[in-house]
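All remarks here apply to the structure that follows.
Right, dumping it as structure tokens:
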């Protein structure tokens, strides 16, 4: 029943696991962004790096596109969780999906910077 989430402890556990997994994905993306920023800082113009940097940028764009879809799904789930009585889990889901989306945008921007830096 809505408003009575403790009636199904397995569902609560699944929802909490999902929000934790999404938070971990956002943290992992933040680490990759840090690594990419370090690479960009050390990069120099080099024709041999243009192709890998282009592939990286394409992958970052694809990742950003996927996080857009995930973000839309998360927003719908956020309201569903709250209606079902999982208020805090719904707020966690919304926050974690926004963090992931922001990190994905930053990854795409940094990959674009890297490509511009290595291009002769």
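In the working numbering, the protein residues as written are 756 to 875.
Glycine included, each C-beta is placed from N, C-alpha and C at the ideal position.
In this text the structure is predicted, and so the values were computed from the model without any measurement.
Please go through the same chain and pick out, in chain order, the residues whose beta-carbon is closer than 8 Å to the beta-carbon of residue i, but skip the five residues on each side of it.
i, result
"residue 792", "865"
"residue 844", "767, 770, 771, 774 and 836"
If we ignore side chains and look at the alpha-carbon of each, how far apart do residue i and residue j end up?
i, j, result
"residue 817", "residue 785", "17 Å"
"residue 824", "residue 795", "28 Å"
"residue 803", "residue 875", "10 Å"
"residue 873", "residue 834", "44 Å"
Using the rule of at least 16 other Cβ atoms within 10 Å of the residue's Cβ for burial, across every protein chain shown, is residue i buried or exposed?
i, result
"residue 789", "exposed"
"residue 763", "exposed"
"residue 709", "The shown model of the chain, from 756 to 875, leaves out residue 709, and the question about it has no answer."
"residue 858", "buried"
"residue 863", "buried"
Kindly list the residues whose CB is nearer than 6 Å to the CB of residue i, restricted to its own chain and excluding five residues on each side of it in sequence; keep chain order.
i, result
"residue 852", "826 and 829"
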